[in-house]
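Novice: Each number in our numbering comes from the position in the sequence shown (counting from 1) with 319 added on. In this text, a Cβ means the ideal position worked out from N, Cα and C, and glycines have one as well. Handing you this structure, nothing more for now.
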Amino acid sequence: MNKYFPLVLSLIFMWFTFSAYQCASTEITSARLYIQQKNYDKAEEVLKKEVTKNPQSEEGWYLTGFVKHEKRDYKGMLEAFQNALKAGKKYEREINQLLKASWAENFNDGVNYFNSANKMDNPDTVKIFRQKAINSFETAILMQPDSNDTYRNLVFVYLSANDLDGSIEPSERWVKRVKSLESFQVLTEIYYTKAEQQWNKYLTSKNAQDSIKAIELYQLTEKYATEGLQKYPDDGTLNSFLFNTYISLGKKELALQKAKAAVDANPNDKFTNYNYGTMLLEAKNYEEAVKYFKKALEIDPKYENAIYNIAACFINWGIQVREKEEETNATERTYKRYFEEARVYLEQLVELSPNDYKTWERLGQVYAVLGMKEKAEQAFNKADELRK
Numbered sequence: 320m321n322k323y324f325p326l327v328l329s330l331i332f333m334w335f336t337f338s339a340y341q342c343a344s345t346e347i348t349s350a351r352l353y354i355q356q357k358n359y360d361k362a363e364e365v366l367k368k369e370v371t372k373n374p375q376s377e378e379g380w381y382l383t384g385f386v387k388h389e390k391r392d393y394k395g396m397l398e399a400f401q402n403a404l405k406a407g408k409k410y411e412r413e414i415n416q417l418l419k420a421s422w423a424e425n426f427n428d429g430v431n432y433f434n435s436a437n438k439m440d441n442p443d444t445v446k447i448f449r450q451k452a453i454n455s456f457e458t459a460i461l462m463q464p465d466s467n468d469t470y471r472n473l474v475f476v477y478l479s480a481n482d483l484d485g486s487i488e489p490s491e492r493w494v495k496r497v498k499s500l501e502s503f504q505v506l507t508e509i510y511y512t513k514a515e516q517q518w519n520k521y522l523t524s525k526n527a528q529d530s531i532k533a534i535e536l537y538q539l540t541e542k543y544a545t546e547g548l549q550k551y552p553d554d555g556t557l558n559s560f561l562f563n564t565y566i567s568l569g570k571k572e573l574a575l576q577k578a579k580a581a582v583d584a585n586p587n588d589k590f591t592n593y594n595y596g597t598m599l600l601e602a603k604n605y606e607e608a609v610k611y612f613k614k615a616l617e618i619d620p621k622y623e624n625a626i627y628n629i630a631a632c633f634i635n636w637g638i639q640v641r642e643k644e645e646e647t648n649a650t651e652r653t654y655k656r657y658f659e660e661a662r663v664y665l666e667q668l669v670e671l672s673p674n675d676y677k678t679w680e681r682l683g684q685v686y687a688v689l690g691m692k693e694k695a696e697q698a699f700n701k702a703d704e705l706r707k
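Below is the structure:
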């Protein structure tokens, strides 16, 4: 905020000094004097007479906007400035400077209110300060409608309160107005999260309406992910949401085709390799899936999702082989080699994320299949310890 006000005030001071030698109406002359005295109520009163008498008064509308700003009536300021610019462009520079200052004031107010909310324990007080933050960011958007930072902060206030429903409308405005990669990513994730929640609700309720609502939300996820990818075709995050949504909507073949096209276009991107690997894993093509997960791991050796899915491939592959060997009464049991491969990756994963009980549990299961009873018991105990 400080970086804007010295410039704005100096411009206004220079303008007052210059204008003192020019002819002006009685109302304008009086308004200038009242403004210099910081008597904004009186200034507003005479300026109302000025613009009523002369609706095309550029100076009258500009000074009205300035007075509205000083009184923190930002909507009134905007209306006055719009009228000033309709009448002419004489004060366009000053208006733009004051709009920047007003944006900074409201943006900083929003940040301060949000930070204050995070420091408070009383839920009602937290709610009040979050609403103040929302109001400030909304006002800041009026000053700079294309500000990506302002929309981001506005949406984050809703998300920090787990208000997914409240976050949708400003997120949709963000996408419509700014069309930044971040705006598409955030809105797509919001709809995908709501779709998953709705689907889980259906699994419990078995109510057909819950299923229909989940499908509608998945379709909205698909819509915004697709729109975003038209503008940012190489983005891994949007591709991931799109592929997962295709699977949820039963479009598995389409998901596989899109994932293959993405990895062909960007063979050295860890996300495209991971996404295609995920599609292949879903299709139970474990051998091919492992190749793409390993490629993702070459690009990022600590990519935990890829490590976990390699282990998942080998486990599922091993189960598949074991079932076939049991059906044919095969004398040689080769399935354990797949579980041995899975063990290597799961051990690597618990080193990277030692507090994930699910990985320890899965590692214990693999140890048990391999006949490593002591290690299996240790892994299960570790999982139980972390689960508490």
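What does a CB cutoff of less than 6 Å around Lys716 pick up in its chain, not counting 5 residues either side in sequence?
Specialist: Residue 716 lies beyond the stretch modelled for the chain, which goes from 320 to 707, so this question has no answer here.
Novice: Could you tell me whether the Cβ atoms of Asp588 and Asp553 are closer together than 8 Å?
Specialist: Translated into positions along the sequence shown, residue 588 becomes position 269. Translated into positions along the sequence shown, residue 553 becomes position 234. In this structure, Asp553 lies closer than 8 Å to Asp588 by Cβ.
Novice: Find the nearest neighbour of Gln356 within the set Val386, Pro374 and Thr345, judged by alpha-carbon distance.
Specialist: Counted from its first residue, the sequence shown places residue 356 at position 37. Gln356 has its Cα closest to that of Val386, out of Val386, Pro374 and Thr345.
Novice: Using a Cβ-Cβ cut-off of 8 Å (strictly less than) and excluding sequence neighbours within five positions of Arg641, which residues of its own chain qualify?
Specialist: The residue you call residue 641 lines up with position 322 of the sequence shown. Excluding residues within five positions, the ones whose Cβ falls inside 8 Å are Arg652 and Tyr654.
Novice: Per DSSP, what kind of secondary structure is Pro489 in: helix, strand or coil?
Specialist: Stepping through the sequence shown from its first residue, residue 489 is reached at position 170. Correct three-state label for Pro489: helix.
Novice: Between the Cα of Thr591 and those of Tyr605, Asn604, Gln576 and Trp636, spot the shortest distance and give me the residue it belongs to.
Specialist: In the sequence shown, residue 591 corresponds to position 272, counting from 1. Looking at the Cα atoms, Gln576 is the closest of the given residues.
Novice: What residue from Ala695, Asn441 and Val476 has the CA that sits closest to Tyr432's CA?
Specialist: Here residue 432 refers to the residue found at position 113 of the sequence shown. For the residues Ala695, Asn441 and Val476, the minimum Cα distance to Tyr432 belongs to Val476.
Novice: Assuming Gly384 and Ala399 form a contact by the criterion Cβ under 8 Å, report the distance between their Cβ atoms to the nearest whole angstrom.
Specialist: The residue labelled residue 384 in the question sits at position 65 within the sequence shown. The residue labelled residue 399 in the question sits at position 80 within the sequence shown. With a Cβ gap of about 4 Å, Gly384 and Ala399 count as contacting.
Novice: Are Gly429 and Phe448 closer than 8 Å when you measure CB to CB?
Specialist: By 1-based counting over the sequence shown, the position of residue 429 is 110. By 1-based counting over the sequence shown, the position of residue 448 is 129. In this structure, Phe448 does not lie closer than 8 Å to Gly429 by Cβ.
Novice: Leaving out five residues on either side along the sequence, give the residues of the same chain with a beta carbon under 7 Å from the beta carbon of Val370.
Specialist: Against the sequence shown, residue 370 aligns to sequence position 51. The residues are Ser376, Gly379, Trp380 and Thr383.
Novice: If I measure Cβ to Cβ from Asp529 and keep anything under 7 Å in the same chain, skipping five residues before and after, which residues do I get?
Specialist: Taking the sequence shown and counting its residues from 1, the one referred to as residue 529 is at position 210. Gln517, Lys520 and Tyr521.
Novice: Tell me the DSSP secondary structure of Arg391 in three-state form.
Specialist: By 1-based counting over the sequence shown, the position of residue 391 is 72. Three-state DSSP puts Arg391 in coil, outside helix and strand.
Novice: Between the region 491–503 and the region 532–548, can you find at least three pairs of beta-carbon atoms closer than 8 Å?
Specialist: As far as the Cβ criterion goes, the region 532–548 touches the region 491–503, which means the pair count is three or higher.
Novice: I'd like to check one pair, Ala615 with Tyr709: are the Cβ atoms closer than 8 Å?
Specialist: Only positions 320 to 707 of the chain appear in this structure, which leaves residue 709 out of reach.
Novice: If contacts are defined as beta-carbon pairs under 8 Å, then Val474 and Ser486 qualify, I think. What distance do you get, rounded to the angstrom?
Specialist: Within the sequence shown, the letter at position 155 stands for residue 474. Within the sequence shown, the letter at position 167 stands for residue 486. The Cβ separation is near 5 Å, so the contact holds.
Novice: Within 10 angstroms of the Cβ of Ile453, are there 16 or more other Cβ atoms? Answer buried if so, exposed if not.
Specialist: Numbered from 1 along the sequence shown, position 134 holds the residue referred to as residue 453. The residue in question, Ile453, is buried, as its Cβ has 16 or more Cβ neighbours within 10 Å.
Novice: Is DSSP giving Leu668 helix, strand or coil here?
Specialist: Counted from its first residue, the sequence shown places residue 668 at position 349. Three-state result, Leu668: helix.
Novice: Can you say whether Ser672 is buried or exposed, counting buried as having 16 or more other CB atoms within 10 angstroms of its CB?
Specialist: Against the sequence shown, residue 672 aligns to sequence position 353. The residue in question, Ser672, is exposed, as its Cβ has fewer than 16 Cβ neighbours within 10 Å.
Novice: What number of angstroms, rounded off, separates the C-alpha of Lys692 from the C-alpha of Tyr686?
Specialist: To locate residue 692, count along the sequence shown from 1; it is residue 373. To locate residue 686, count along the sequence shown from 1; it is residue 367. Approximately 7 Å between the Cα atoms of the pair.
Novice: Contact defined as beta carbons within less than 8 Å: I believe Tyr537 pairs with Thr564. What is the distance between those atoms, to the nearest angstrom?
Specialist: On the sequence shown, residue 537 is found 218 positions in, with the first residue counted as 1. On the sequence shown, residue 564 is found 245 positions in, with the first residue counted as 1. Tyr537 to Thr564, Cβ: 5 Å. Contact.
Novice: For the putative contact between Ala626 and Leu668, defined by C-beta atoms under 8 Å, what is the C-beta separation to the nearest angstrom?
Specialist: Position 307 of the sequence shown holds residue 626. Position 349 of the sequence shown holds residue 668. It is Ile, not Ala, that sits at residue 626 in the sequence shown. At roughly 5 Å, the Cβ-Cβ gap stays under 8 Å, so Ile626 and Leu668 are in contact.
Novice: Thinking Met462 and Asn425 are a contact (beta carbons under 8 Å), I'd like their distance in whole angstroms, please.
Specialist: Against the sequence shown, residue 462 aligns to sequence position 143. Against the sequence shown, residue 425 aligns to sequence position 106. Between Asn425 and Met462 the Cβ distance is about 7 Å, and since that is below 8 Å, they are a contact.
Novice: Are Gly683 and Ala661 touching if we call contact CB-CB under 8 Å?
Specialist: By one-based count along the sequence shown, residue 683 stands at place 364. By one-based count along the sequence shown, residue 661 stands at place 342. Against a cut-off of 8 Å, the Cβ pair of Ala661 and Gly683 comes out as no contact.
Novice: Cβ atoms of Tyr359 and Lys390: under 8 Å apart, would you say?
Specialist: To locate residue 390, count along the sequence shown from 1; it is residue 71. To locate residue 359, count along the sequence shown from 1; it is residue 40. For Lys390 and Tyr359, yes; Cβs fall inside 8 Å.
Novice: I need the DSSP call for Met598, collapsed to helix, strand or coil.
Specialist: Position 279 of the sequence shown, counted from the first residue, corresponds to residue 598. If DSSP states are grouped into helix, strand and coil, Met598 belongs with the helices.
Novice: Taking 8 Å as the cut-off, decide whether the C-beta atoms of Ala574 and Phe560 are in contact.
Specialist: Taking the first residue of the sequence shown as 1, we reach residue 574 at position 255. Taking the first residue of the sequence shown as 1, we reach residue 560 at position 241. The answer is no: Cβ separation not under 8 Å.
Novice: So, is Thr345 buried or exposed, given that buried needs 16 or more other C-beta atoms within 10 angstroms?
Specialist: To locate residue 345, count along the sequence shown from 1; it is residue 26. It counts as exposed.
Novice: Answer yes or no: do Asn635 and Tyr593 have a C-beta to C-beta separation smaller than 8 Å?
Specialist: In the sequence shown, counting from the first residue as 1, residue 635 sits at position 316. In the sequence shown, counting from the first residue as 1, residue 593 sits at position 274. Not a contact, by the Cβ cut-off of 8 Å.
Novice: So, helix, strand or coil for Thr653, using DSSP?
Specialist: Residue 653 sits at position 334 when you count from the first residue of the sequence shown. Coil.
Novice: Measuring straight from C-alpha to C-alpha, what distance separates Thr458 and Glu413?
Specialist: Start at 1 with the first residue of the sequence shown, and residue 458 comes out as number 139. Start at 1 with the first residue of the sequence shown, and residue 413 comes out as number 94. Using only the alpha carbons, I get a separation of about 19 Å.
Novice: Roughly how many angstroms separate the alpha carbons of Arg681 and Ala533, rounded to a whole number?
Specialist: Residue 681 sits at position 362 when you count from the first residue of the sequence shown. Residue 533 sits at position 214 when you count from the first residue of the sequence shown. Cα to Cα, Arg681 sits roughly 30 Å from Ala533.
Novice: How should Gly637 be labelled, buried or exposed, when 16 other C-beta atoms within 10 angstroms of its C-beta is the threshold for buried?
Specialist: Reading the sequence shown from its first residue, position 318 is the one you call residue 637. Under this definition Gly637 is a buried residue.
Novice: Would Thr678 be called buried (16 or more neighbouring beta carbons within 10 Å of its own) or exposed?
Specialist: On the sequence shown, residue 678 is found 359 positions in, with the first residue counted as 1. Buried.
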